[in-house]
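*Asks:* Residue numbers in the sequence shown follow my numbering, run continuously in steps of one, and reach 123 at the last position.
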Amino acid sequence: MRLQVILNNWLRSMRYAVLTVGIILTGLLAFTARAADPPSFTLILRDQGFEPAELQVPPDVKVELVVRNLSSRPAEFESTDLHREKVVSAGREVKLFIGPLRPGAYEFFDDFNPKTRGRIIAR
Ligand SMILES: [Cu+2]
Numbered sequence: 001m002r003l004q005v006i007l008n009n010w011l012r013s014m015r016y017a018v019l020t021v022g023i024i025l026t027g028l029l030a031f032t033a034r035a036a037d038p039p040s041f042t043l044i045l046r047d048q049g050f051e052p053a054e055l056q057v058p059p060d061v062k063v064e065l066v067v068r069n070l071s072s073r074p075a076e077f078e079s080t081d082l083h084r085e086k087v088v089s090a091g092r093e094v095k096l097f098i099g100p101l102r103p104g105a106y107e108f109f110d111d112f113n114p115k116t117r118g119r120i121i122a123r
């Protein structure tokens, strides 16, 4: 009887230990995954143009670029310098990855409205 109580207590504490280790490991994994995520930058397209017209990003690392089209028309984010081209419907956003970029300036434009232009500055 007494042995059973001891055994039950031991089992209960083991269950808590396993649970605690599980929670810590999950937290650590989430933290590591987040740390490894490339930095993200958002470019907004309005009817007046890109905002910002010059977007600064760090050089020599992969970067996520979110292009959000808040203009009233569909657009195509395009960059010959970056070899990227992606259609963004009005009210939508697309994500793309660029880099790692060497320090410098990289032109981009809306291919459906090529006067709308901007630059990514890696610095
Ligand atoms: Cu195009």
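Heads up, the beta-carbon is just placed ideally off N, CA and C, and yes, glycines get one too. Just so you know, these numbers come straight off a predicted model, no measurement behind them.
State the CB to CB distance for the pair alanine 105 and arginine 84, rounded to an integer number of angstroms; the pair is presumed to be in contact (CB under 8 Å).
*Replies:* Here residue 105 is taken as the residue at index 105 of the sequence shown, counted from 1. Here residue 84 is taken as the residue at index 84 of the sequence shown, counted from 1. Not really, about 15 Å apart at Cβ, beyond 8 Å.
*Asks:* Could you check how far apart the C-beta atoms of proline 58 and proline 74 are, in whole angstroms? I think they sit under 8 Å.
*Replies:* Position 58 of the sequence shown, counted from the start, is the residue given in the question as residue 58. Position 74 of the sequence shown, counted from the start, is the residue given in the question as residue 74. 30 Å between Cβ atoms; not a contact.
*Asks:* Kindly indicate the opening and closing residues of the beta strand (DSSP E) around phenylalanine 41.
*Replies:* Counted from its first residue, the sequence shown places residue 41 at position 41. Taken as a continuous stretch (DSSP letters only), the beta strand (DSSP E) holding phenylalanine 41 covers 40-46.
*Asks:* Just the C-alpha distance for phenylalanine 77 and leucine 25, rounded to the nearest angstrom, thanks.
*Replies:* In the sequence shown, the residue the question calls residue 77 occupies position 77. In the sequence shown, the residue the question calls residue 25 occupies position 25. One C-alpha to the other measures close to 40 Å.
*Asks:* Closest to lysine 62 by C-alpha separation, out of Gly99, Ser71 and Gly49, would be which residue?
*Replies:* The count along the sequence shown starts at 1 and reaches residue 62 at position 62. Lysine 62 has its Cα closest to that of Gly99, out of Gly99, Ser71 and Gly49.
*Asks:* According to the neighbour-count rule (16 or more other Cβ atoms, all chains shown, within 10 Å of its Cβ), is phenylalanine 109 buried or exposed?
*Replies:* The sequence position of residue 109 within the sequence shown is 109, counting from 1. With 16 or more other Cβ atoms within 10 Å, it is buried.
*Asks:* How would you call leucine 70, buried or exposed, if buried means at least 16 neighbouring beta carbons within 10 angstroms?
*Replies:* Residue 70 sits at position 70 when you count from the first residue of the sequence shown. Result: exposed.
*Asks:* Using a 10 Å radius around the Cβ and a threshold of 16 neighbouring Cβ atoms, would you call leucine 125 buried or exposed?
*Replies:* Look at the range of the chain in this structure, 1 to 123, and you will see that residue 125 is not part of it.
*Asks:* Just the Cα atoms here: how many angstroms apart are aspartate 60 and leucine 19?
*Replies:* Counted from its first residue, the sequence shown places residue 60 at position 60. Counted from its first residue, the sequence shown places residue 19 at position 19. Each residue's Cα considered, the two are about 41 Å apart.
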